[in-house]
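In the working numbering, the protein residues as written are 1 to 408.
Below: the structure, in structure tokens.
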Amino acid sequence: MLDILKIKDDFPILKTSPHGKKLIYFDNAATTQKPTQVVEAVADYYKKYNANVYRSPHYLSTLSTESYEEAREAVKRFINAKTSESIVFTRNATESINFIAYTWGLKHIGEGDVIVLTIAEHHSNILPWQMVAEKKGAKLKYVHLDEDSRLDLDEFKRTISEGHVKLVAVQHASNVLGIINPVDEIIDLSHRNGAKVLIDGAQSIPNMKIDVEKLGCDFYAFSGHKMLGPMGIGVLYIKEDLLDDVPPFLSGGEMIDEVFEDHSTFAPSPLKFEAGTPNVEGAYGLIKAIEYIEGIGLDNILKHEQELTEYALSKLVEIDYVKLYGPKNAENRTGIISFNVLNVHPHDVATILDQDGIAVRSGHHCCQPLMRYLGVPATVRASFYIYNDKSEVDAFVDGLKDVRKWFR
1 MLDILKIKDD FPILKTSPHG KKLIYFDNAA TTQKPTQVVE AVADYYKKYN
51 ANVYRSPHYL STLSTESYEE AREAVKRFIN AKTSESIVFT RNATESINFI
101 AYTWGLKHIG EGDVIVLTIA EHHSNILPWQ MVAEKKGAKL KYVHLDEDSR
151 LDLDEFKRTI SEGHVKLVAV QHASNVLGII NPVDEIIDLS HRNGAKVLID
201 GAQSIPNMKI DVEKLGCDFY AFSGHKMLGP MGIGVLYIKE DLLDDVPPFL
251 SGGEMIDEVF EDHSTFAPSP LKFEAGTPNV EGAYGLIKAI EYIEGIGLDN
301 ILKHEQELTE YALSKLVEID YVKLYGPKNA ENRTGIISFN VLNVHPHDVA
351 TILDQDGIAV RSGHHCCQPL MRYLGVPATV RASFYIYNDK SEVDAFVDGL
401 KDVRKWFR
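In structure tokens form, the structure reads like this:
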């Protein structure tokens, strides 16, 4: 069991009192809150180390560069990458996916090729591939869900075996349904059929042990802010044997070897992928986020999320005016629950819960194709993390009963 009270003490923002009520933060799938260790790390960077990386031999620049590369090594260890050259810093998972779409995608995907997605993908893992398909004359194919609201693996097998699949881009875990996809099997099937695989790890990186070497994926994308880190720092993992095959995404300072009047050569990876001044303070803060998560243990984090999810589902299934979306148990899923209160708009539900200090998300969650598939315009989403507990779930359920009273 996690020591929730001790953990809460590390998060100053949880002492906030919205509308005079205790803050219950159930919007962790959108972004997690930041522990003092991360907040202070960002401040310390500007107090002690601030200088541009790589470009100068002076003391501060050396410290700044060392901090930035220390972050790269920390990420490498965290996801068990073979080499730090495979770790590219971006702004977020969205930029990481766009990076591969605009570089590897436009270079290798051609007319008649197929890009396989799932119907539950976040827009960030749909729009870049729509762009590639439109520019290159490729086709998009979507794999749907089974009766339990999990990925239909049989449909995936049929789709991948139809041929011409160049890329499979799939989320590791859903930001709406919380389902964890069998990415190891997806990667194996894809590779056996000659396709590369990009994994959107935005919802799995905060709560699951990621081993990119064991998975064998070609690309893995995630954001720091969903795993206790600062906003504006993301990661793109590129498999080592693809580094020379991926062209730079942006051009400019620091990513060059030599520049001539009519052509240029580029620095080795990962520098060739990181043009301009990077988010050094964000990378430094990410080190502390990784340390914090490792101090608790990813197995413990996922177990805690699933226990809260199971507890919440057991309460919600008893309320006849609450419609749940996704599997009705916590097996093989993260701490995300999407639902609607019958005859009440999701935004109204979220607004009323906010009056009780309960922060949830309402809307289409950047998953409009999934919403249409579910037959709804929007849902309410509650998402749990390490500083949430069962008493907060109880308050949340009571809040939903208040919602019903408001609209009776």
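All C-beta atoms in this analysis are idealised placements derived from N, C-alpha and C, irrespective of residue type, glycine included.
{"Check": "So A71 is in the alpha helix (DSSP H); what residue range does that whole segment cover?", "Outcome": "59-79"}
{"Check": "Per DSSP, what kind of secondary structure is I7 in: helix, strand or coil?", "Outcome": "helix"}
{"Check": "Please state the DSSP three-state secondary structure of Y220.", "Outcome": "strand"}
{"Check": "If you draw a straight line from the alpha carbon of I238 to that of D320, how long is it in whole angstroms?", "Outcome": "47 Å"}
{"Check": "Can you find the residues in the same chain that come closer than 8 Å, C-beta to C-beta, to L313, ignoring five residues on each side of it along the sequence?", "Outcome": "L324, K328, N329, A330, I337"}
{"Check": "Less than 8 Å separating the Cβ of Q130 from some heavy atom of the ligand GDP?", "Outcome": "Summarising the ligand content, the structure contains no ligands, and the ligand GDP is consequently not present."}
{"Check": "Roughly how far, in whole angstroms, is the beta-carbon of I87 from the beta-carbon of V235, given that I think they are within contact range, below 8 Å?", "Outcome": "6 Å"}
{"Check": "Please report the Cβ distance between I419 and P128, rounded to the nearest whole angstrom; I am assuming they are in contact, meaning their Cβ atoms lie under 8 Å.", "Outcome": "No answer is possible for residue 419: it lies beyond the span of the chain, which begins at 1 and ends at 408."}
{"Check": "Excluding five sequence neighbours on each side, which residues of the same chain lie with their C-beta closer than 6 Å to the C-beta of L250?", "Outcome": "A275"}
{"Check": "For the candidate residues Y68, E85, V53, A221, whose alpha-carbon lies nearest to that of P268?", "Outcome": "E85"}
{"Check": "To the nearest angstrom, how far is the alpha carbon of F266 from that of I256?", "Outcome": "4 Å"}
{"Check": "Would you mind sorting N263 into buried or exposed? The rule is 16 or more other CB atoms within 10 Å of its CB.", "Outcome": "Checking the sequence, you will find His at residue 263 rather than Asn. H263 is exposed by the Cβ-count criterion."}
{"Check": "What did DSSP end up calling Q171 once you bin it into helix, strand or coil?", "Outcome": "strand"}
{"Check": "By Cβ distance, which residues of its chain are closer than 7 Å to A133, with the 5 residues on each side in sequence left out?", "Outcome": "I115, K139, L140"}
{"Check": "Using the C-alpha atoms, what's the distance from L167 back to K136?", "Outcome": "13 Å"}
{"Check": "Would you check if the distance between the CB atom of T209 and the CB atom of P248 is smaller than 9 Å?", "Outcome": "Correcting the residue type first, residue 209 is Lys in the shown sequence and not Thr. Cβ distance not < 9 Å, so K209 and P248 don't count as in contact."}
{"Check": "If G14 sits next to Y387, beta carbons under 8 Å apart, how far is it from one beta carbon to the other, in whole angstroms?", "Outcome": "For the record, residue 14 in the displayed sequence is Leu; it is not Gly. Right, the Cβ-Cβ distance comes to about 6 Å (below 8 Å), so this counts as a contact."}
{"Check": "Who pairs with F266 in a beta bridge, going by DSSP?", "Outcome": "I256"}
{"Check": "Keeping to the same chain, check which residues put their C-beta closer than 6 Å to that of G399; ignore five residues upstream and five downstream.", "Outcome": "L353, D356, I358"}
{"Check": "Quickly, what does DSSP pair K139 with across the bridge? List them, please.", "Outcome": "V114"}
{"Check": "Might you give, ordered along the chain, the residues of its own chain that have their beta carbon closer than 8 Å to the beta carbon of L63, omitting 5 neighbours on each side?", "Outcome": "K48, Y49, A51"}
{"Check": "Should V317 go down as buried or exposed, given a rule of 16 or more other Cβ atoms within 10 Å for buried?", "Outcome": "exposed"}
{"Check": "Just the C-alpha distance for P377 and H19, rounded to the nearest angstrom, thanks.", "Outcome": "29 Å"}
{"Check": "Suppose the cutoff is 6 Å on Cβ atoms and the five residues either side in sequence are ignored; what does the same chain contact list for N332 look like?", "Outcome": "I180"}
{"Check": "Cβ of V170 within 9 Å of Cβ of E155?", "Outcome": "no"}
{"Check": "May I have the straight-line CA-CA distance separating K428 from E261, to the nearest angstrom?", "Outcome": "Outside the modelled stretch of the chain, which goes from 1 to 408, sits residue 428, for which no answer is possible."}
{"Check": "Measure the C-alpha to C-alpha separation of K157 and I126 and round it to an integer number of angstroms.", "Outcome": "20 Å"}
{"Check": "Can you tell me which residues form a DSSP beta bridge with S124?", "Outcome": "In the DSSP output, where bridge partners are listed per residue, S124 has none listed."}
{"Check": "Please name the residue in A74, G282, F219 whose C-alpha comes closest to that of G232.", "Outcome": "G282"}
{"Check": "Who are the near neighbours of M371 in its chain, counting only those whose CB is closer than 7 Å to its CB and skipping five residues on each side?", "Outcome": "H364, P377, A378"}
{"Check": "Which one or two residues does DSSP pair with R333 in a beta bridge?", "Outcome": "I179"}
{"Check": "Kindly indicate the opening and closing residues of the beta strand (DSSP E) around G234.", "Outcome": "234-238"}
{"Check": "Any beta carbon from chain D within less than 9 Å of S124's own beta carbon?", "Outcome": "Going by chain labels, chain D is absent from the structure shown, which holds only one protein chain."}
{"Check": "Please state the DSSP three-state secondary structure of F89.", "Outcome": "strand"}
{"Check": "Taking Cβ positions, are M131 and A101 nearer each other than 9 Å?", "Outcome": "yes"}
{"Check": "Measure the beta-carbon distance from F26 to A382 and round it to whole angstroms, keeping in mind my assumption that it falls under 8 Å.", "Outcome": "4 Å"}
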